[in-house]
Amino acid sequence: MNITRYCIKKPIGISMIVLFFVVLGLFSFYRIGVELLPAINIPYVTVTVDYPGADSAEIEQDVIKPLENSLSSLTNLKHMTAVARPEKAQITLEFQFWTNIDAAAIDTNQYVNAALNKLPDGIQTPTVLKRDVDALPILEISVLSDKPLGEVYTVANDTFIERLQRAGGVSDVQLGGGRDKEIAVNVDKDKLTYFNLSLSQIVSRIKQENVLTPAGSVFGSNSETNVRLTAQFKSPAEISSIHVNNSKGVAIPLSSIADVQEQDQRVTRYARTNGQDTVSLSVYKNSDANLVDTSKAVLEQLDSLRKDYPDYQFVVITNSSTYVEDALHNTLEALIEGLFTTGLVLFLFLRGWRSTVAVLIAIPTSLITTFFMMYIAGFTFNMLSLMGMSLCVGILVDDSIVVLENIHRHLAKGKSAAQAAEDGRNEIGTAAIAITLCDVVVFMPIAFMNGMTGQFFRQFGLTIVFATLCSLAVSFTLTPMLASQFYKNGLGTPHKGKLWDFLDNLGNKVILYYDKILNWSFFHTKKITASVVVLLLLSISLYYPLGIIGGEYMPKTDEGSFRIMMQFPVGQNIDATNDKVREVEEYLLQQPEVKKLFVECR
């Protein structure tokens with residue numbers, strides 16, 4: 001007994017099976033993560049080293065060359081690029097695409113640590129970061145206030161960051177713009193000479209007094225407590241009160257040779273929103289967190305902060321979840337439009353509500369079952385998988401229309417509902433399988449391309465394959481069963497009226513016209529073949545060599561915003577850079593179309 005006949009004879013059994021997969025699909029829908037882009041293994045690791053006070057030549061000679069010598073022996077290293085800037089060295093490592101980037105980052109960190117003894121003493125701790133889709137902030141927020149910028153920075157650093165990190169799914173919140181406080185020790189050179197002291201002695205003494213170190217553990221009968229020795233400075237007065245011994249062993253108060261005061265740090269960055277100085281907050285999510293849910297949780301925390309701190313404004317500059325939510329909404333709209341259009345076409349041309357209802361059941365069943373397969377495969381709702389789902393709607397609609405129309409044709413011959421459903425499905429079964437396999441053959445290779453492109457488009461190709469296979473299964477099982485149940489009493493009385501007469505006449509004219517074209521084609525095969533070849537060559541020439549149709553990695557999207565990157569000559573200080581950026585900023589603010597403008601200078 002073939003599967004279609006079994007489903008027709010066992011409607012309750014197949015209904016339970018379909019319901020089972022629908023429940024699994026709905027369960028999967030709420031479990032599937034939401035991302036802007038699919039998770040891919042980006043084979044890049046970046047090593048950054050800050051060396052305060054060093055120029056580009058010193059950076060290259062003292063920092064980059066020792067690190068290059070150490071990192072060049074990394075396994076699966078494909079290419080290494082180094083950039084030397086004043087006070088900063090950056091080395092980008094590109095690995096083979098199949099490399100486990102987590103393991104590569106760990107190996108890189110070990111090689112960097114092994115080379116530390118060859119680097120100058122004044123460097124800061126090197127930073128090793130892997131490139132990741134999740135390394136981009138999901139939300140960028142500007143904090144505005146009439147209060148001094150230093151106070152805004154302090155409150156944001158001490159309070160706002162901690163509040164935003166409470167939101168579920170948030171991994172980190174980074175601060176930008178503004179200036180932190182620092183304690184400056186301004187030493188009098190004449191007094192330094194008078195007391196027979198050196199600057200290194202003062203620096204060494206301050207380091208000795210400013211300590212935070214483990215001091216062991218205290219063990220009880222049922223407990224263990226770690227002990228830390230805390231002796232860090234909390235105010236300029238505490239630093240001024242320390243004593244420094246000169247070469248004769250005389251303790252000299254630091255207040256006698258230096259002026260200690262709290263001040264703003266040297267400006268290294270500027271941030272402005274709509275021309276006003278601001279402090280920015282960049283929110284990052286955990287790799288396994290849901291983008292939309294995390295963004296909503298952060299926005300709820302922002303609403304709470306607005307109530308608790310009415311003197312501060314929190315302006316959302318970018319929100320990555322907005323694009324994903326729009327894509328989900330557009331996909332849902334495409335599905336609803338496809339369902340409505342298909343149902344309307346079937347109702348008008350087959351003259352019955354039964355076909356419409358069958359489509360409204362069959363197509364969502366195929367799509368919901370696809371959610372289950374996506375969940376099993378570890379996919380997420382992202383720009384690529386949603387693009388594939390939007391494309392699938394047309395495939396699902398085609399399968400339903402072809403099956404129901406053929407069953408309707410067999411019913412018109414006077415067959416019973418069960419026999420018409422079985423014959424109508426079996427008659428086009430081979431063709432349906434062939435069409436489905438064609439879709440699989442076209443889209444399956446996309447999922448298995450090499451490199452980052454293959455990783456990027458894997459979910460796109462496989463989502464289409466999953467949906468196509470689900471649609472084929474539904475057309476062999478659910479659709480014939482529904483038709484056999486809905487048409488138990490035959491086609492019923494045909495609808496009559498001017499609209500139906502018009503549709504009948506229109507259909508007959510189209511059939512006659514198509515019949516003439518088809519007969520003419522059979523007797524003019526050479527002309528038809530030549531026309532097809534000319535159209536094919538013309539289509540190819542639009543891409544190459546004419547270049548009318550271009551090519552790009554990803555289609556352009558209009559998100560209502562854009563970024564401008566400005567690069568200035570090496571060695572230009574931050575103030576000169578800020579002046580040039582402000583000229584562009586003022587011009588953009590004068591444009592009536594601009595609603596928000598965020599500027600950051602580094």
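The sequence shown begins at 1 in the UniProt record's numbering and counts up one residue at a time.
Cβ atoms here follow ideal geometry from the backbone N, Cα and C, with glycine treated the same way.
These numbers come from a predicted model, not from an experiment.
Quick check: what's the CA-CA separation for V203 versus L254? 11 Å
Going along the chain, which residues of its own chain have a beta-carbon closer than 7 Å to the beta-carbon of Q201, five neighbours each way excluded? V244
Let me know the secondary structure DSSP gives T48 once reduced to three states. strand
DSSP three-state assignment for V250, whether helix, strand or coil: coil
With DSSP run on the structure shown, which of helix, strand or coil describes G13? helix
Does DSSP put T127 in a helix, in a strand, or in coil? strand
Inter-residue Cα distance where the pair is A362 and V393: 12 Å
In this structure, does DSSP put N114 in helix, strand or coil? Residue 114 is actually Ala in this sequence, not Asn. Looking at A114 - three-state DSSP - the assignment turns out to be helix.
Please classify S287: does DSSP put it in a helix, a strand, or coil? coil
Just to confirm my understanding: we take L149, look at its own chain, exclude 5 residues before and 5 after, and list those with CB closer than 6 Å. What are they? G178, D277
Neighbourhood of G560 by C-beta, 6 Å cutoff - its chain only, sequence neighbours within 5 removed: none
For T341 versus S400, is the C-beta spacing smaller than 8 Å? no
Check this for me: beta carbons of I242 and R205, under 8 Å apart or not? yes
Beta-carbon proximity list for L360, same chain, < 8 Å, skipping 5 on both sides: L339, G343
Roughly how many angstroms separate the alpha carbons of P480 and C7, rounded to a whole number? 8 Å
What did DSSP end up calling M1 once you bin it into helix, strand or coil? Per-residue confidence for M1 stands at a pLDDT of 47, beneath the threshold of 50, marking its modelled position as unreliable; no derived number is given.
Quick check: does the Cβ of R306 come within less than 7 Å of any heavy atom belonging to the ligand SAH? For the ligand SAH, the structure offers nothing, since it holds no ligand at all.
How many Å lie between M1 and K9 at the Cα? Per-residue confidence for M1 stands at a pLDDT of 47, beneath the threshold of 50, marking its modelled position as unreliable; no derived number is given.
Touch check for the segment 279-298 and the segment 347-357: three-plus C-beta pairs under 8 Å? no
Distance check for A237 and V260, CA to CA, integer angstroms please. 8 Å
Identify every residue that forms a DSSP beta bridge with S282. E140, Q174
Quick one: Cα of S247 to Cα of S235, how far? 28 Å
Tell me T273's beta-bridge partners as DSSP assigns them. Q276, F598
Would you check if the distance between the CB atom of L93 and the CB atom of V45 is smaller than 8 Å? yes
Beta-carbon contacts of I32 that lie in its chain and below 8 Å, excluding the five residues immediately before and after: F371, M374, Y375, F379, T380, F381
Using DSSP's beta-bridge definition, name the partner residues of N186. D259
Residues in the same chain with beta-carbon distance under 7 Å from residue 604, minus the five sequence neighbours each way, listed in chain order, please. The structure shown does not extend to residue 604, since the chain spans only 1 to 602, so no value can be given for it.
Cβ of I106 within 8 Å of Cβ of D188? no
Per DSSP, which residues does A84 bridge with? Please list them. A89
Enumerate in chain order the residues of its own chain whose CB-to-CB distance from residue 604 is below 6 Å, with the five nearest sequence positions on each side excluded. Lying outside 1 to 602, the shown extent of the chain, residue 604 is not represented and no answer is given.
Y312: first and last residue of the uninterrupted beta strand (DSSP E) it sits in: 312-319
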